[in-house]
Every structure is written in C-alpha cells, then in structure tokens.
Amino acid sequence: MEKASKISRYLYTVIVLFVIWLFLTSSLDPQELTIGLLFSIIIGALTYEVFTERGLANLHPRRIAYAIAYIPYFLWAMIMANLDVAYRVLHPKRPINPGIVECKTVLKNNAGKLALANSITLTPGTITLDVKGDRYFIHWIDVKDASVEGASDNITRPFEKFLKVIFE
Amino acid sequence: MVKRALAIVLILITGYWLANALAQVPFGADKMLVGKYYLENVKDQTGAVNAVTAVVVNYRGLDTLGEVTVLFIAATGVAALLWRKKRERTAKSEGSVVLQTGSRLLLPFIMLFGAYIFIHGHLTPGGGFPGGATIATAFLMLYLAFREYEIPHKVFEPLEGLAGMSYVIVGLIGLAIGGYFLFDWIWQTWQLGHDNIGKLFSAGFIPIIYTLIGLKVGTELTGIVDNMVKEPKEGGQ
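Line by line, the protein sequences give chains A and B. Residues 1 to 168 in the UniProt record's numbering are what the first sequence lists, from first letter to last. Residues 1 to 237 in the UniProt record's numbering are what the second sequence lists, from first letter to last.
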C-alpha cells in the first residue's frame, strides 16, 4: 500500500492527539485547548512517521461509521465469549478440545492485522499466538474444524467484514 | 544454616527496636509543625493547588535540583561504565507484527500522556519525574519491539543538557530579581496568573520547571536504556 503525503499523515496525527487530549482533560477551558494544541503539534511532528501510513484517509466517514458500529458488535462477542468460557470452567465434564489451528486473513494492512489479532484474543476461547504474513496461528479452546478454510470461517471471517472496511 | 538463622535473629531484633521507637508516636495526633504553614499559605505564595508540587519545586526547590543532578550523574555513570567505541543492538529476533504495530500506534499516545502529566504538575498528582518516566517508557517500548531502533543521539543528549541548564537559569534569574536562588519571579514579581489559580496558566514557574524536568528525565532514562541494551561489537572492544 502506498503511503499518503507527509502533510496528510501529520495532520491526521495532530487531529487524533488533540481528540485524545480533549478526552484526557475533559474540559473546554481555552488554556487547556491552547496547551493541548501545542503538544499535539509538537508530538505529532515527532511521531507521525511511525504512527500512520495513510494519513487523513483514515477519517473517511464510511470508515468512522464502521468503526463505531464495530464497537457494540465486538463488545457483544466479548461478553458471549466470557460467558462461554465460564460455562466451560463450571461444567463438571469440562467440555474442552484444545488445539492450534491456522487461519488465513484477507487483511493486508498492519493496523488491521493488529486489530484482528486483538479481537481474536478477546473473543470465543481463541488466542492469537503468532501472525506471519496472512497466516494466523490461533489456539482454540474447542476445535470444531481443523482445516485452514474451516477455521477461518469460524474465527476470522466475522470480524473481517468490519475490519476490511475500517483498515483497507 | 547458622548464617541464615543469625540473619533472621538480627532482622527480628532490628524490627522490634524500630517498632518500639514508632510506638512512642501516638497514631493520628497532629504532628504538623511546618506542614500547617505550607497548607495555609501555598495558594497565596505559589499559586499551586497541588501542595506537594509547591513544596517540591518552590519551597524546597534546591532538593529537586539535587535530585535532577543525581539522575544526571546516574545516566553519565552508566554511559561511562558501558562506554565502548563500537556498540550495537544484540537482539536476535524481530518482534511479531502485533507487537511492532501495537508499539507504533501507542507511541504518540504515551508521549502525549507523559506531557499531560508534567504540564499539570501544579494541579494534579504527578509532575516532572512521573511524566518524564512515562515518556521514557514510550522509547523503551520501541527498543523492545524493533531490532534496529536507536534514538537520535544528536537530538537527545543536547536536549538533556539544555533542559538541565534552563532549570539552573530559571533559578539564577530568580537570584537576580528576588535575591535568592530559585525565587519564583514569574509569580512574585510579574504577578502572572494570579487571577486563574486552579487553571492551567498559574503557579508561576512550576509548570515551566516541570516541563524542563519532564524533558530532562525523559531523555535521560531513555539514554540509560539505550546504553544498557547495546553491547560491544564482536572483536570491537
């Protein structure tokens, strides 16, 4: 993927940092805003090269809408996952069938891969062990399908439909 | 065996001795002699809402200058002990995509939070030392995630010295204006920020000194980390 222009990447970093500052101080006092803007500009200048590759294109409304929609979707999956694990722990026979499966992903962007890996780790009895290229090695508490295709359908596919829009 | 038993007996005796001494001080009694003065006058005299900061930077500023010096000597000492001409990182394996991307995305946020801590030193808990340590953590994270990463030395070492010098200069300006070292000239002479106590632009030179300390501590701890993770090149002693 080609990198966006330096200005676009810099502006994007400053905007993100300033929004974080607003949440940190939770005050609209002009003094706080001035200092916040100053720090965003300085820290943005120092870190934008490592922080972002695509710059302002990240702020496309479609991407933001999908990102907001992803939050409740992901939280719901996380709650169900934790209840599922609680069930497995409390069940007298402990219905577990652990194993390590390989999955494929369609995501090409590193940030997307990070989001997918973390989403997998936080949901249904699965933990990401390693990511190599487009392959994920995942520890699954209850292996239903050991093939690459089947495991991908079960584990990565549900998140990818969101993450693909957000990060690709 | 005998050694260990003797050590335990010695520790028990020392502990009993200390506990006995502490038992002389009644719990909960008012023991403030100087403390009362600080609490009653801190707002008028320094403008800081955070009394700890006012004591550390303003009333007893010389101690903080000493602390900064100790840290500087520690960093210089580490650099002197580990000095070799050719040194390089020795990490054998690269971090995974998850680790690398994660640290790249977190870097600006950690730095912003460090800056938030040191600029709000006179309002909230924290100050220059925690803020600087937080910023150093961001660089430590880069060192751990990337095999090749190295800080820009040409920026870091001069910045460290400059921040330390500016601290002394702020103190010396106080000496020239008010008659003693680290006299708070911004608050007492210029009367700047007297009408917004509790807001960001107040408390005289405390935010300025804490910004300098934050920069100094941040660059210094990063320098120590940089020195510790590098090893001499093979055959290049």
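Don't be surprised by glycine CBs; every beta carbon is placed ideally from N, CA and C.
- For residue 157 of chain B, the uninterrupted alpha helix (DSSP H) run begins and ends at 153-178, by DSSP.
- The C-beta distance from residue 114 of chain A to residue 98 of chain B rounds to 6 Å, short enough to meet the 8 Å contact threshold.
- A straight line joining the alpha-carbon of residue 143 of chain A with that of residue 99 of chain A spans about 6 Å.
- Counting along the chain, residue 137 of chain A sits inside the beta strand (DSSP E) bounded by residues 135-140.
- Within chain B, the residues 96, 97, 98 have their CB atoms less than 9 Å from the CB of residue 131 of chain A, given in chain order.
- The Cβ atoms of residue 47 of chain A and residue 13 of chain A lie closer than 8 Å to each other.
- For the 8 Å CB-CB criterion, residue 230 of chain B and residue 88 of chain B form a contact.
- For the region 16-29 of chain B, the set of positions with a beta-carbon nearer than 7 Å to some beta-carbon of chain A is empty.
- In the displayed model, residue 31 of chain B falls within coil according to three-state DSSP, outside both helix and strand.
- At a Cβ-Cβ threshold of 8 Å, residue 164 of chain B and residue 68 of chain B count as neighbours.
- When secondary structure is reduced to three states using DSSP, residue 84 of chain A falls in the helix class.
- With contact defined as three or more Cβ pairs closer than 8 Å, the region 101-111 of chain B and the region 43-58 of chain B are not in contact.
- Its Cα nearest to that of residue 145 of chain B, the residue B:96 stands out among B:63, B:14, B:96.
- Residue 43 of chain A is a Cβ neighbour of residue 17 of chain A, given a cutoff of 8 Å.
- The C-alpha of residue 21 of chain A lies about 33 Å from the C-alpha of residue 158 of chain A.
- DSSP, reduced to helix, strand and coil, places residue 52 of chain A outside both helices and strands of the structure shown, so it counts as coil.
- Excluding the 5 residues flanking it on each side, residue 64 of chain B has same chain C-beta neighbours closer than 7 Å at 56, 57, in chain order.
- Apart from the 5 residues on each side of it in sequence, residue 139 of chain A sits with its Cβ closer than 6 Å to the Cβ of 100, 127, 129 in its chain, given in chain order.
- Within the same chain, 51, 54, 55, 59 come within 8 Å of residue 38 of chain B by CB-CB distance, once the 5 residues on both sides are set aside.
- Only exposed fits residue 91 of chain A, as fewer than 16 other CB atoms lie within 10 angstroms of its CB.
- Residue 104 of chain A is outside the set of residues whose beta carbon lies under 8 Å from a beta carbon in chain B.
- Residues of chain A whose Cβ lies closer than 7 Å to the Cβ of residue 115 of chain B are, in chain order, 39, 43.
- As for any alpha helix (DSSP H) of minimum length 4 sitting wholly inside the region 192-233 of chain B, the runs are 206-229, ordered along the chain.
- Residues of chain A whose Cβ lies closer than 8 Å to the Cβ of residue 105 of chain B are, in chain order, 51, 111, 114.
- Distance from the CA of residue 121 of chain A to the CA of residue 82 of chain B, rounded to the nearest whole angstrom, comes to 40 Å.
- Assigned with DSSP and collapsed to three states, residue 93 of chain A falls in coil, not helix or strand.
- For residue 11 of chain A, the secondary structure class from DSSP, reduced to helix, strand or coil, is helix.
- Contact between residue 217 of chain B and residue 132 of chain B holds: CB atoms are separated by about 3 Å, below the 8 Å threshold.
- Per DSSP, residue 63 of chain B is not a residue of any beta strand (DSSP E); the alpha helix (DSSP H) it occupies stretches across 61-81.
- Minimum Cα-Cα distance from residue 141 of chain B among the listed residues B:215, B:226, B:27 corresponds to B:226.
- With 16 or more other CB atoms across the displayed protein chains lying within 10 angstroms of its CB, residue 105 of chain A is buried.
- DSSP lists no beta-bridge partner residue for residue 150 of chain B.
- For residue 24 of chain A, the neighbours in chain B by C-beta distance under 8 Å run, in chain order, 112, 113, 116.
- Shown in chain order are the members of the region 10-36 of chain A whose Cβ falls below 7 Å from a Cβ of chain B: 13, 17, 20, 21, 24, 29, 31, 32, 35.
- Under DSSP, residue 132 of chain A forms a beta bridge with A:135.
- Within the same chain, Cβ atoms closer than 6 Å to the Cβ of residue 81 of chain A are found at 123, 124, the five residues on either side in sequence being excluded.
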